[in-house]
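Q: Residue 263 in our numbering sits at position 261 of the sequence shown, with consecutive numbering throughout.
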Amino acid sequence: MRRMTGLGLLLAAMLAATSTARGDPTEATPNGARIRLEPIRTTWCVGDNVSVRYVVENVGDEPFEVTATPPGFDDWWILQVFDASGHQVVFPRSGNMAISWPHVTQAVTVARPFVRVVSLGRYGVLDRPGRYRVRLFHSLRWKGPGGKDYSGLPRELPPDEDPRWTETSIELLEPTPERVEAVLHVLEGHLDKSARHGSGDGVVPDPKLFRHAAFLEPLLARLRKDPRPRRPPEIWVEGVASIPTTEATSALLELLATSPAAHLKWTQVIPRELCAAAVALRAPPLEARGMSVGPGAGPPSLGLQLPHDLRPHAWSDELAPRARAWAREQLTLRGGSMDRYALRLLAAVGQSEDVAVIEALLGRSLDEARRDAAWPAAPDARDRVHDLIRVFSRVQQCGAAPSPDPRSAVEIVAALVWMFDRPEEAVARYGDRIVAWLGHENPIVRALALAALPRPVPEMAKAGLEAALDDGSPAVRYAALRALEHESDERFRPGVLRAFGRSDDHGDIWAAKVAAKAVGVDRVDLLLVDAARLAEPTAYPVRWQRLAEAAKYRGAWPQGAPSAEERERLAAVWTAFLERNRDALRQRGPFTATAEELAALAPR
3 MRRMTGLGLL
13 LAAMLAATST
23 ARGDPTEATP
33 NGARIRLEPI
43 RTTWCVGDNV
53 SVRYVVENVG
63 DEPFEVTATP
73 PGFDDWWILQ
83 VFDASGHQVV
93 FPRSGNMAIS
103 WPHVTQAVTV
113 ARPFVRVVSL
123 GRYGVLDRPG
133 RYRVRLFHSL
143 RWKGPGGKDY
153 SGLPRELPPD
163 EDPRWTETSI
173 ELLEPTPERV
183 EAVLHVLEGH
193 LDKSARHGSG
203 DGVVPDPKLF
213 RHAAFLEPLL
223 ARLRKDPRPR
233 RPPEIWVEGV
243 ASIPTTEATS
253 ALLELLATSP
263 AAHLKWTQVI
273 PRELCAAAVA
283 LRAPPLEARG
293 MSVGPGAGPP
303 SLGLQLPHDL
313 RPHAWSDELA
323 PRARAWAREQ
333 LTLRGGSMDR
343 YALRLLAAVG
353 QSEDVAVIEA
363 LLGRSLDEAR
373 RDAAWPAAPD
383 ARDRVHDLIR
393 VFSRVQQCGA
403 APSPDPRSAV
413 EIVAALVWMF
423 DRPEEAVARY
433 GDRIVAWLGH
443 ENPIVRALAL
453 AALPRPVPEM
463 AKAGLEAALD
473 DGSPAVRYAA
483 LRALEHESDE
493 RFRPGVLRAF
503 GRSDDHGDIW
513 AAKVAAKAVG
523 VDRVDLLLVD
533 AARLAEPTAY
543 PVRWQRLAEA
553 AKYRGAWPQG
563 APSAEERERL
573 AAVWTAFLER
583 NRDALRQRGP
593 FTATAEELAA
603 LAPR
């Protein structure tokens, strides 16, 4: 039994622009409310989609309301699971869920209770047989003892006397071959994902929650013998990918190496991208510290999730040669969408001999960037550079040394990666060459030179850093802003404000905010830039969100960019509002706009 973090934070951010603000919680738990937790089944096979049913009934005379997310979404649950000895094995989720989760308010009557089915596997790993006690809490947007509603994943647990706590017990059984086959038989009748997850009520096995070695051979057997189109192989591969054993990883590598044209013993067309994502997820973790040219698109999740503390059990050094061989082959012969996974694997298991493969790929990215002054044209271009940098760092750790006299762009990038990983030796080895690299013709080189600058920034590099704040490439501006995180020189303030105004990405805006704070830019001056950008259609929802948070605006948000005339009006009224309340906003103290001001600030 292990802990895992909450799910779906990315989805919450994506929905921020379309959700409305929730109302205030009601004063107290209604008198007619009765809450209970029901075991859908009292016994479950380990690996099944172990679930409980949460029910709010009305036994009174008056209807009352509850607020929660719709069926099929993650929710504001606080969950505890204890084994037979009283040891807690599933913990309340940590963090803070965004208030922008989609939500619905339902009237609860005698004839219409509020019901949700909660899959315990979404919150923890139940991988051992035994009897368990399950405790569940939901805010329901009611106030409990002490006046707190505990919605949005509170930092403290509600008190035990809060009537919204409820509990039940379940028993998990050993996954014998007969029980495993019974679970898979049920899944075979619900192979369509929408049928499995859309209703939010029926409980069907979820292949991503199997997580037990007993499922491996039965899943592989289905891939070997059942080619019928109505049984999609993705389901069985997802099940294999959920199992945290080296045997499962070996099977994924075998599936990955299967040619699409020759299925060998596999009778189905194997979804190789799923296999690649699963193997890359199991490889040894990369170091968190690394060079960056800004936020990219990030790797596609493909719906796979293996809890972090299970991943070490799924990897051994004996698997590295096979993973490395596939990665090299992918990068040299095939190319395409799976290069990301190949690079991720080489960053974990690559050797110094792989530097030639990586230099060729980097050369292509550098050629593209040299022809584009506003590089990158798409977020995945940054992702590719980040992946290549990680592999460079790996092969250098394994003995591949950069040139002592770098001339080409590829050689300079290799030197910059070396400098970043060895800041104490960087200046001694390359001296003031880095100042020249700040003005290099290639934006990737300029951005990486900024990232490799020693901290604090040497005086000789400050002129180049100041110029980089107005660079045509968003990646270079981002790197310049990150280089200013620990600087306090006032000379950078105008450039930081200009770079902030040109930022269109959450990550770029965050970097500009951090740099602005370091060099002493007034917070309200940043907000005035946000207000001016409201006249542009690209300002929504990012700039609007920043202004709404600063003004504690709780009205309806624009569902898209308003008309050009309305955008101009909003930019003007927000600018006037910020200037009028500059002192109060600057102090970040208690501040609330008046009703008249909020009415003017609202989109029409």
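Where is the CB? At the ideal position from N, CA and C, for every residue including glycine.
Decide yes or no for the touch test of the stretch 488-498 against the stretch 309-322: beta carbon pairs closer than 8 angstroms, at least 3 of them.
A: No, the stretch 488-498 is not in contact with the stretch 309-322.
Q: What does DSSP give as the partner residue(s) for Glu169 in the beta ladder?
A: Along the sequence shown, one-based indexing puts residue 169 at 167. Looking at the DSSP assignment, Glu169 forms a beta bridge with Arg137.
Q: Of all the options Asp510, Leu603, Ile237, which has the alpha carbon lying nearest to the alpha carbon of Ala573?
A: For this step, residue 573 is matched to residue 571 along the sequence shown. Ala573 has its Cα closest to that of Leu603, out of Asp510, Leu603, Ile237.
Q: Tell me the residue span of the alpha helix (DSSP H) that contains Ile391.
A: Start at 1 with the first residue of the sequence shown, and residue 391 comes out as number 389. Looking at the DSSP string, the run of the alpha helix (DSSP H) that includes Ile391 is 381-399.
Q: From Val531 to Gly503, what distance separates their C-alpha atoms?
A: Position 529 of the sequence shown holds residue 531. Position 501 of the sequence shown holds residue 503. So the two alpha carbons sit approximately 6 angstroms from each other.
Q: Please state the DSSP three-state secondary structure of Asn51.
A: Here the question's residue 51 lines up with position 49 in the sequence shown. Asn51 falls in the coil class under three-state DSSP.
Q: Using only the alpha-carbon positions, how far apart do Met3 and Gly126 sit?
A: Within the sequence shown, residue 3 is the residue found at index 1, counting from 1. Within the sequence shown, residue 126 is the residue found at index 124, counting from 1. In this prediction, Met3 scores a pLDDT of 45, lower than 50, which makes its location untrustworthy; no coordinate-derived value is stated.
Q: From the beta carbon of Leu603, is the nearest beta carbon of chain D less than 8 angstroms away?
A: Although the question refers to chain D, the structure presented lacks it and comprises just one protein chain.
Q: For Arg373, count the other beta carbons within 10 Å of its own beta carbon; 16 or more makes it buried, fewer makes it exposed. Which is it?
A: Position 371 of the sequence shown holds residue 373. By the 10 Å Cβ count, Arg373 comes out exposed.
Q: Is the beta carbon of Val54 sitting closer than 8 angstroms to the one on Leu122?
A: Position 52 of the sequence shown, counting from 1, holds the residue named residue 54. Position 120 of the sequence shown, counting from 1, holds the residue named residue 122. Yes, they are a contact pair.
Q: In whole angstroms, give me the CA-to-CA distance for Ala402 and Leu283.
A: Position 400 of the sequence shown, counted from the start, is the residue given in the question as residue 402. Position 281 of the sequence shown, counted from the start, is the residue given in the question as residue 283. Rounded to whole angstroms, Ala402 to Leu283 spans 25 angstroms at the Cα level.
Q: Rounding to the nearest angstrom, what Cα-Cα distance links Leu529 and Arg457 in this structure?
A: To locate residue 529, count along the sequence shown from 1; it is residue 527. To locate residue 457, count along the sequence shown from 1; it is residue 455. About 29 angstroms.
Q: If contact is defined by three or more beta carbon pairs under 8 angstroms, each pair taking one atom from either stretch, is the stretch 384-398 in contact with the stretch 419-428?
A: At 8 angstroms Cβ cutoff, the stretches touch.
Q: When you compare only the Cα positions, how much space is there between Arg78 and Thr71?
A: Taking the sequence shown and counting its residues from 1, the one referred to as residue 78 is at position 76. Taking the sequence shown and counting its residues from 1, the one referred to as residue 71 is at position 69. The displayed chain sequence assigns Trp, not Arg, to residue 78. Answer to the nearest angstrom: the Cα atoms are 8 angstroms apart.
Q: Please name the residue in Gly338, Ala595, Leu255, Cys277 whose C-alpha comes closest to that of Glu320.
A: Numbered from 1 along the sequence shown, position 318 holds the residue referred to as residue 320. Glu320 has its Cα closest to that of Leu255, out of Gly338, Ala595, Leu255, Cys277.
Q: Might you give, ordered along the chain, the residues of its own chain that have their beta carbon closer than 8 angstroms to the beta carbon of Asp491, omitting 5 neighbours on each side?
A: On the sequence shown, position 489 is the one that residue 491 refers to. Excluding residues within five positions, the ones whose Cβ falls inside 8 angstroms are Lys464, Val521.
Q: Near Val117, which residues of its chain fall below 6 angstroms by C-beta distance, leaving aside the five closest residues on each side in sequence?
A: Here residue 117 refers to the residue found at position 115 of the sequence shown. So the qualifying residues of the chain are Val57.
Q: Just grab the DSSP bridge partners of Tyr56 for me.
A: Counting from 1 along the sequence shown, the entry for residue 56 is found at position 54. DSSP, once it has assigned bridges, lists Leu39, Arg118 as partnering Tyr56.
Q: Suppose you measure from the CA of Glu599 to the CA of Gly296; what does that come to, to the nearest Å?
A: Within the sequence shown, residue 599 is the residue found at index 597, counting from 1. Within the sequence shown, residue 296 is the residue found at index 294, counting from 1. Straight-line Cα distance between these residues: approximately 37 angstroms.
Q: Of all the options Asp63, His140, Leu81, Pro73, which has the alpha carbon lying nearest to the alpha carbon of Ala113?
A: Indexing the sequence shown from 1 puts residue 113 at position 111. Nearest of Asp63, His140, Leu81, Pro73 to Ala113, Cα basis: Asp63.
Q: For the beta strand (DSSP E) containing Trp79, name the first residue and the last one.
A: Against the sequence shown, residue 79 aligns to sequence position 77. Note, Trp79: beta strand (DSSP E), 79-84.
Q: Is the beta carbon of Gly146 sitting closer than 8 angstroms to the one on Asp164?
A: Counted from its first residue, the sequence shown places residue 146 at position 144. Counted from its first residue, the sequence shown places residue 164 at position 162. Yes, the Cβ-Cβ distance between Gly146 and Asp164 is below 8 angstroms.
Q: Please go through the same chain and pick out, in chain order, the residues whose beta-carbon is closer than 6 angstroms to the beta-carbon of Arg396, but skip the five residues on each side of it.
A: Position 394 of the sequence shown, counted from the first residue, corresponds to residue 396. If we look at Arg396 and ignore the five residues flanking it on each side, its Cβ neighbours are Ala349, Gly352.
Q: Since Leu612 contacts Ala481 with CB under 8 angstroms, what's their CB separation in whole angstroms?
A: Since the first residue of the chain shown is 3 and the last is 606, residue 612 is not available in this structure.
Q: Give the DSSP-derived three-state secondary structure of Thr608 in the structure shown.
A: Beyond the ends of the chain as shown, which are 3 and 606, falls residue 608; an answer cannot be given.
Q: Counting along the chain, where does the alpha helix (DSSP H) carrying Gln547 start and finish?
A: For the purposes of this step, residue 547 is taken as the residue at position 545 of the sequence shown. Start and end: 544-553.
Q: How many whole angstroms separate the CB atoms of Thr107 and Glu67, which I take to be in contact at a CB cut-off of 8 angstroms?
A: As a first step, residue 107 must be located in the sequence shown, where it is residue number 105. As a first step, residue 67 must be located in the sequence shown, where it is residue number 65. Thr107 to Glu67, Cβ: 5 angstroms. Contact.
Q: Can you tell which of Leu536, Thr540, Lys519 has its C-alpha closest to the C-alpha of Arg588?
A: Taking the sequence shown and counting its residues from 1, the one referred to as residue 588 is at position 586. The shortest C-alpha separation from Arg588 is found at Lys519.
Q: Using DSSP with H/G/I as helix, E/B as strand and the rest coil, what is Gly132?
A: If you number the sequence shown from 1, residue 132 lands on position 130. The answer is strand: DSSP assigns Gly132 an E or B state.
Q: Give the range of the beta strand (DSSP E) segment to which Phe66 is assigned.
A: Translated into the one-based positions of the sequence shown, residue 66 becomes position 64. Run containing Phe66: 66-70, per the beta strand (DSSP E) assignment.
Q: What does a CB cutoff of less than 7 angstroms around Val429 pick up in its chain, not counting 5 residues either side in sequence?
A: Here residue 429 corresponds to residue number 427 of the sequence shown, with the count starting at 1. Hits under 7 angstroms: Pro456.
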